Each structure stands twice: as C-alpha cells, then as structure tokens.
Amino acid sequence: MDFTISEELQALRYNIRGFAEEVIEPKAQEIEENDKIPEEIIEQAKALGLFGMSIPEEYGGTGLNLLERCIILEELGRTQNGFSSLLGAHTGIGSTGIVEMASEDLKQRYLPRMATGELIGAFALTEPNAGSDATNLKTTAELKDGKWVINGLKHFITNGPVADVITVMAITDKSKGARGGITAFAVEKNFPGFSVGTVEKKMGLKGSYTSELVFEDCEVPQENVIGEIGRGYANALKILNKGRITLGARCVGTSNKLVELCTTYAQQRIQFGQPIASFQGIQWMLADMATQTEAARYLTYRTAWAADHGDPVIKESSMVKLFASEVLAKVVDMAVQVHGGMGYMKEFPIERFYRDARITRIYEGTSEIQKIIIANRLLKEFKVDA
Amino acid sequence: MNILVCLKQTFDTEAKIELKDGKINAQGIKNIINPYDEFAVEEALKLKEANGGEVTTISVGSDQTQEALRQALAMGADKAILVEFPNSDEHATAKALAKAVQGMEFDLILGGHVAIDDNSGQIAIRLAEELDLPQVNVVTKLEINDGKAVCTREIEGGVQIVETPLPTVITCQKGLNEPRYPSLKGIMQAKKKELKRIGLEELGLTVDNKVEILEVFLPPQKEAGKVIEGEAEEAAGELVRLLKEEAKVI
Ligand SMILES: Cc1cc2nc3c(=O)[nH]c(=O)nc-3n(C[C@H](O)[C@H](O)[C@H](O)COP(=O)(O)OP(=O)(O)OC[C@H]3O[C@@H](n4cnc5c(N)ncnc54)[C@H](O)[C@@H]3O)c2cc1C
Chain C
1 MDFTISEELQ ALRYNIRGFA EEVIEPKAQE IEENDKIPEE IIEQAKALGL
51 FGMSIPEEYG GTGLNLLERC IILEELGRTQ NGFSSLLGAH TGIGSTGIVE
101 MASEDLKQRY LPRMATGELI GAFALTEPNA GSDATNLKTT AELKDGKWVI
151 NGLKHFITNG PVADVITVMA ITDKSKGARG GITAFAVEKN FPGFSVGTVE
201 KKMGLKGSYT SELVFEDCEV PQENVIGEIG RGYANALKIL NKGRITLGAR
251 CVGTSNKLVE LCTTYAQQRI QFGQPIASFQ GIQWMLADMA TQTEAARYLT
301 YRTAWAADHG DPVIKESSMV KLFASEVLAK VVDMAVQVHG GMGYMKEFPI
351 ERFYRDARIT RIYEGTSEIQ KIIIANRLLK EFKVDA
Chain V
1001 MNILVCLKQT FDTEAKIELK DGKINAQGIK NIINPYDEFA VEEALKLKEA
1051 NGGEVTTISV GSDQTQEALR QALAMGADKA ILVEFPNSDE HATAKALAKA
1101 VQGMEFDLIL GGHVAIDDNS GQIAIRLAEE LDLPQVNVVT KLEINDGKAV
1151 CTREIEGGVQ IVETPLPTVI TCQKGLNEPR YPSLKGIMQA KKKELKRIGL
1201 EELGLTVDNK VEILEVFLPP QKEAGKVIEG EAEEAAGELV RLLKEEAKVI
C-alpha cells in the first residue's frame, strides 16, 4: 500500500488551491451578496480547462480520472461552494452520461464545446413527485413521426437556467417502469417546447442556480437518446454513483478549511485572559474535527482510486457521500461553536459554509437513501438463504 | 524567437521563516518560483505566443528546484535545464549559467530583477557581463520589433525607454504582466516535457563561491504599538517626548 501523492498531483493541488484562494475567495462575499459568480472567474476557470476536466482528451478535455478530479474538487470545496456546485454539476452528473454512454455522434456534437465551457451541462432526474423515489417519474417521452416528444416537469435542477445541454430522464415505457421503461435524452435548451421554469430561492450555494425545467411537447431528435432505450434508470444510477465520490471530495475540502480557520481563530480569540485554544473544551472540538475530516478524506480517495482501477464501488461511493457529508455537518456545526457569535455573522466565512454544508446531505441522494443502498448491498453480499 | 528564462526557487512569500542551527529551516516551507522570475516566464510565454519559437527555463539549484522548473513547464515553457549546484553564491551561479547556455541559440534572456529571498539582484547582471551581452534592468514593459527590444523601465521620478539590439538580457519588474495559472493540460503535460539535469563536471566548470555567509538571524520582533491617551495638547507633548527620549528620532 502506497499513499504517496505523485509530483504531478501535488502540482495540481498547489495550482488549484492558488486559484481557489487568490481568485475565488476574495470574491466570495460579493458572490453571496449578488447571488452571481463574476464573469471573470468563469472565464478564468474556462481558460484553466476546469470545465473540461472530466471530458476525454480526444474531445478537447483533460480526461482526468476520478482521483485527480477529487483533488480539484477538494481544493474548490475550500472556497465559495456555489462555484464548485456549478462546476461539479457540469463536470460530473451533467456530462458523465454523454461521456460514458452516448453515441460517437453525440459526443462529437457536444463534448468539445462542453470541454471549453462554451456549453454548460445539467442532469435532470428529480421531479416534484420523484425525489428519493426516483423511479416514480411522470415525465414521458413518446416517439411520434420520427421524433421523441417529451412532456413533464423537472425541478431542483442544478444549472437549470444556465445549461445548454441537459441529460433528461423520461419514461418511454410505462408498463416497464424503472426496469426498462426509462430512457436518457440529451436535450438542448433551444429545442422547441423546452423552457426554464421557476428559479428557486435557496438557503445557500449562491451563484449556482437551481430551477424547474418545463417540457411541453418538447421535440428531441432520435439520435439524442443517450445510451440504450430503456436503460435510462440504470444509467442514471451509474452517473450518480461517480458524482458521489467527487461530492465527498468537496465536503472534505470544506471540512479541512474549517479545521484551519478554527485552529487559527482559537489561538487569536482571547477570553478569560487567554486564547480560547488553551481550553480543553475547544481543543477537543478541534481534535474531533480534524480526525473526522482525515477519515473522510481517506475513504474518499481510496474509493476514487478503486473506481479508477475498475472497481464498481457502488456500496463504497454511497459510503463516501454519506460519511463525508455527515462529517462536514458535524465539523461545520463545531466551527460555528468555536467562533461563537462571530460564527453566526456574514462577515466571517463560517456562516456561509454552514448554509452550504446543509445541502450535501440531501442532493445526489439523501443520507437515508445512501444507507438504503449500502444496506441493500450488504444484504446481498451476506445473503442468508431462507 | 528563442527565449531563455533564468529562474530561482524561493520560499513562499507567506511562509513563516524559522531558524535552525543558524540556517533557515526549510522543513514544511512551501517553495515557489521567485515572483519576479514568474513575470519573466509569463513574458517569455507571451512573446512565444506572438512570435513562435521556444522557451527554455534554466535554474541553478538542488534536486528540489525541479518543482519550480516543472511549474514553469506547466505554465507553458517548452524545456527546462537544472544545473545541479546547490548553495552557490552569485558569482558561482552566474558562471554556471553562462557556461550552461554557451552554444545555445537564443534571442533573449529574461529573468527577475531580484529574488525575494536574498534580495541580491546580481545574477542576470553578472550573466550579461559573462556573455558580453547588453542588459536592461527593472523593466515594466517590453516590445520586440525588428531584432530590437524596446524596454520601459521605472526610474526615480519617471520612466525611461531604452532600445537594445538582440540578443540581450532583460530583468523583469512587477507591472510587466500578470502571470497566468497553469492550465490543467499544462500541469498534466509538464511531467512529459524535457527537464535536463547537468552537473558541474559535465559542464566542465570548476568554480568556488566567493561569498561566505557568516550569520543568519531574524529581524527583531515588532513591538506592540503604543496608544497615547489624553487631550490633544497633552498627547502631542507626550508624543514629542517619546520621539525624543525613547525612539530617539528627533
Ligand atoms: C440545491 C439542490 C440541487 C439539486 N440538483 C439536482 C440536479 O441537478 N438534478 C436532479 O435530478 N436533482 C437535483 N436535486 C434534487 C435532489 O437530488 C433531491 O432533492 C433529493 O434526492 C431528495 O429528494 P426530495 O427533495 O424529493 O426529498 P424526499 O424524497 O421527499 O425526501 C424527504 C425525506 O424523506 C426521506 N426519505 C425518502 N424516502 C425514504 C425512505 N425510503 N426511507 C427513509 N427515508 C426516506 C429522505 O431521506 C428525506 O429525509 C437538487 C436538490 C437541491 C435542493
């Protein structure tokens, strides 16, 4: 077992941290206030190739593996998380379907421009009546006169209002349901019958937009089917599976940043004539925060590494998502506590991290759903015949 | 247009410097490309993008210096040369650089005007002398046309514009450009680019340091500021007294 990180990966971490701390962090407050990521940050991220990190080299991206992407998202997790949410959705769930399951024609059509960030991706599975129970979709796609016609409503879709190409899950055969009845489509924003609905007002993730997507007799060419007809649900699970690992990395990055912020603050804040860091009550929090973060980090990287080596990591990636987001929840709560009233003020980044942390236990599958996935795998692995 | 960029690896500007056994304790300290040398790398890359050619970075240093050279390769330099010669002084470094670039074809040598660690600002100047090339220092704007370099440099109370034929040595100052972040592609490709290591023996150079460092010490700790209380008149009187008696500046 070798845990050393190659020189290349160290350079990757060093440079992304520089970008996060020197370019994004100084604008974090502004992003929070305006609910908008400044154009120059987006442009610079494009120039760096961040939008193409997961897209293979032959389509103009950098084709980084999961471990490399985890390093990038961990570093971005240390700063304003609206940006990492936007980028995470584009480079993860918003493009994985096209990269891994789409026809060569679709790849050629979309990936080179997705790699540069000219086209932004999104992934639309969730509906008002299909959240955790993602099989309960109502959105339908019917083949009429050589075209697929989609009708329905998606909601809570990250990048919804800014996306150019969206991976949309719809029912193509009601009788089959999730087992062969759902299909994935690549829908362009200017296809007739497509529109963006309400843009949600959220607790956090400022600058990243989440909205409804409305399909009214939306016409989609047949060649825009992603993967096989009827394999949509299986494909959605595969797409989400990988997203969970990079989401874990983002949680690790935020947790780690919080450990640093708290350890610094605790030495500077004087109460009872001494730094609060000298109180055991504070030290125990710091130790717990750091230990849990480290545990989450190794689970995340081990799983990313295993996935890069061809392991399906279904149970493990759910463990990463579950554990890293639950760790972040504990860490960010302690971070507010260490900062006292300051932790509650917008003037300090802790307040923003606190709001942004909350969503990580909900989207891309709630904690409860991750536990169901893990337990189901366990029950299969150790099945006792009745 | 072929450009050589001389660069040095230095401690990060935000690193906390501590001493151990009379030396700077390098453990746990992050290293960077000297910021002024980074301007030189950026300028070379811009000139290459505009005119074609090749950018070669060169550094005299230790094994660890490779990191800085790789970073320059990640930014977009084509090749790198590491002259393995740790702890060389200014005289010896310039000799080694001069020897290493001998026989290479270049139109321009760029470097920072000073390194932020030892602040000596001698290397590029000495190198130009060794190579018998013209030199322009502390440049904030550079234009290359028709085999000539037109350089703007800040001087006391104004700017000076200097023209020199190529090849020439130019040292870079803040304001010249805004160094880029390496792209993901650049970072991932840096490992595959050529980084040549040469020892002094291979260079056929024997040179000794002329400078010996006698002592390294940290500047005295800054003392907490003093707030003078009271009415303006009284406070001003106290301030004058302190400036005279304690600070001894008037
Ligand atoms: C900011 C944001 C961005 C999002 N981005 C996207 C996106 O880009 N694409 C997309 O498709 N979706 C997206 N979503 C949707 C997200 O994935 C869902 O919100 C999530 O899966 C939960 O679904 P729900 O909100 O309908 O909650 P519900 O499913 O209604 O869950 C409510 C509660 O019930 C629990 N629960 C449900 N079923 C069970 C069970 N069987 N056992 C135990 N507990 C259970 C849940 O864990 C949860 O605690 C986003 C959501 C948000 C808030």
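So the sequences go chain by chain: C and V.
When the first sequence is numbered by our numbering, its final residue is 386 and no position is left out of the sequence of numbers.
When the second sequence is numbered by our numbering, its final residue is 1250 and no position is left out of the sequence of numbers.
A virtual CB, placed ideally from N, CA and C, is assigned to each residue, including glycine.
No experiment lies behind these values; they were computed from the predicted model shown.
How about Gly131 (chain C): is its Cβ closer than 8 Å to a heavy atom in ligand 1? For ligand 1, at least one heavy atom lies less than 8 Å from the Cβ of Gly131 (chain C).
Can you find a C-beta in chain V that's less than 9 Å from the C-beta of Glu32 (chain C)? No, no contact with chain V.
Give the interface partners of Leu1184 (chain V) over in chain C, defined as CB-CB distance under 9 Å, in chain order. Think of a sphere of 9 Å around the beta carbon of Leu1184 (chain V): the chain C residues whose beta carbon falls inside it are Leu12, Asn15, Ile16, Leu48, Gly49, Leu50, Gly52, Met53, Gly61, Thr62, Leu64, Glu68 and Ile72, in chain order.
If we count the other Cβ atoms within 10 Å of its Cβ and call it buried at 16 or more, is Asn387 (chain C) buried or exposed? Residue 387 (chain C) lies beyond the stretch modelled for chain C, which goes from 1 to 386, so this question has no answer here.
Once the 5 residues before and after His90 (chain C) are set aside, which same chain residues still bring their CB inside 7 Å of it? Taking C-beta separations shorter than 7 Å and ignoring five residues to either side along the sequence, the partners of His90 (chain C) in its chain run Phe51, Ile120, Gly121 and Asn159, following chain order.
Using a threshold of 9 Å, state whether the C-beta atoms of Ile282 (chain C) and Val336 (chain C) are closer than that. No; because the gap between Cβ atoms is not below 9 Å, this pair is not in contact.
Output needed for Glu368 (chain C): all residues of its chain with C-beta closer than 6 Å, excluding positions within five of it in sequence on either side, in chain order. So the list is empty, once near-sequence residues are dropped.
Do Val149 (chain C) and Gly193 (chain C) have their C-beta atoms closer together than 9 Å? Closer than 9 Å, so yes.
Pairwise C-alpha distance: Phe191 (chain C) and Pro221 (chain C): Going by the C-alpha atoms only, they are around 9 Å apart.
Enumerated in chain order, which unbroken segments of the alpha helix (DSSP H) with a length of 4 residues or greater are wholly contained in the stretch 262-316 of chain C? Counting only runs of 4 or more, we get 280-308.
How should Pro1165 (chain V) be labelled, buried or exposed, when 16 other C-beta atoms within 10 angstroms of its C-beta is the threshold for buried? Counting the other Cβ atoms within 10 Å of the Cβ of Pro1165 (chain V) gives fewer than 16, which makes it exposed.
Assign Pro1086 (chain V) to one of two classes, buried (16 or more other C-beta atoms within 10 Å of its C-beta) or exposed (fewer than that). So Pro1086 (chain V) counts as exposed.
Identify whether Gln1064 (chain V) lies in helix, strand or coil by the three-state DSSP scheme. The answer is helix: DSSP assigns Gln1064 (chain V) an H, G or I state.
Threshold first: 4 residues or longer. Then list the alpha helix (DSSP H) segments lying entirely within the stretch 93-122 of chain C, N to C. Runs of the alpha helix (DSSP H) lying entirely within the stretch 93-122 of chain C and spanning at least 4 residues, in chain order: 96-101 and 104-116.
Considering only the beta carbon of each residue, do Leu1184 (chain V) and Met53 (chain C) sit closer than 9 Å? Between Leu1184 (chain V) and Met53 (chain C), the gap from beta carbon to beta carbon is short of 9 Å.
Threshold first: 3 residues or longer. Then list the beta strand (DSSP E) segments lying entirely within the stretch 1003-1058 of chain V, N to C. Qualifying beta strand (DSSP E) stretches, in chain order: 1003-1006, 1009-1011 and 1031-1033.
Given 8 Å, three or more beta-carbon pairs between the stretch 103-116 of chain C and the stretch 342-355 of chain C: By the Cβ test, the stretch 103-116 of chain C is not in contact with the stretch 342-355 of chain C, since fewer than three Cβ pairs between them sit closer than 8 Å.
Kindly confirm or deny that the stretch 1137-1144 of chain V and the stretch 3-19 of chain C touch, where touching means at least three C-beta pairs closer than 8 Å. The stretch 1137-1144 of chain V, when compared against the stretch 3-19 of chain C, does not touch it at the 8 Å Cβ threshold.
Quick test of your reading: Leu125 (chain C) and Arg250 (chain C), contact by CB under 8 Å. State the CB separation rounded to the nearest angstrom. Not a contact, Cβ separation roughly 20 Å.
Candidates C:Ala296, C:Thr254, C:Thr172 and C:Val196, of which the one nearest Asp333 (chain C) by Cα: Residue C:Thr254 is the option with its Cα nearest to Asp333 (chain C).
Since Met169 (chain C) sits in a beta bridge, which residues does DSSP pair it with? Among the bridge pairs identified by DSSP, Met169 (chain C) is matched with C:Ala184.
Helix, strand or coil for Leu86 (chain C)? Go by DSSP, reduced to three states. Residue state, collapsed to three classes: helix.
Where the stretch 1071-1094 of chain V meets chain C: residues whose CB sits under 9 Å from a CB there: Against chain C - using a Cβ distance shorter than 9 Å - the residues of the stretch 1071-1094 of chain V are Gln1071 and Ala1074.
Anything in chain V within Cβ reach of Ile19 (chain C), meaning under 9 Å, just list it in chain order. Here residue 19 (chain C) is Phe; the residue named in the question, Ile, does not match the sequence. Identification of chain V residues near Phe19 (chain C) by a Cβ-Cβ cut-off of 9 Å yields Tyr1181, ordered along the chain.
Measure from the alpha carbon of Arg1197 (chain V) to the alpha carbon of each residue in V:Leu1242, V:Glu1067 and V:Gly1028, then state which is nearest. Comparing Cα positions, the closest option is V:Glu1067.
Quick one: does the C-beta of Gly365 (chain C) sit closer than 8 Å to a heavy atom of ligand 1? Gly365 (chain C): yes, Cβ under 8 Å from ligand 1.
State buried or exposed for Val384 (chain C), treating a residue as buried only when at least 16 other CB atoms are found within 10 Å of its CB. That one is exposed.
What three-state label does DSSP hand Gln44 (chain C) in the structure shown? Gln44 (chain C): helix per DSSP, three-state reduction.
Inter-residue spacing [alpha-carbon to alpha-carbon] between Ile98 (chain C) and Pro56 (chain C): One alpha carbon belongs to Ile98 (chain C), the other to Pro56 (chain C), and they sit about 11 Å apart.
CA-CA distance, Gly152 (chain C) and Thr198 (chain C)? Cα-Cα distance, rounded: 14 Å.
Taking the alpha carbon of Val1227 (chain V) as the reference point, which residue from V:Pro1220, V:Ala1236 and V:Pro1219 has its own alpha carbon closest? Nearest Cα to Val1227 (chain V) within the set V:Pro1220, V:Ala1236 and V:Pro1219: V:Ala1236.
For a test of your reading of the model: does the CB of Ile369 (chain C) fall under 8 Å from any non-hydrogen atom of ligand 1? Yes or no. The answer is yes for Ile369 (chain C).
Lys206 (chain C): CB within 8 Å of a non-hydrogen atom of ligand 1: Lys206 (chain C) Cβ: outside cutoff for every heavy atom of ligand 1.
With burial defined as no fewer than 16 other Cβ atoms inside 10 Å of the residue's Cβ, what is the status of Arg1241 (chain V): buried or exposed? So Arg1241 (chain V) counts as exposed.
Within 10 Å of its beta-carbon, does Ser95 (chain C) have 16 or more other beta-carbons around it, so buried, or fewer, so exposed? Looking at its Cβ environment, which holds 16 or more other Cβ atoms inside 10 Å, Ser95 (chain C) is buried.
In terms of residues, what are the limits of the alpha helix (DSSP H) holding Asn1145 (chain V)? Where Asn1145 (chain V) is concerned, there is no enclosing alpha helix (DSSP H), although the beta strand (DSSP E) it sits in stretches over Gln1135 to Asn1145.
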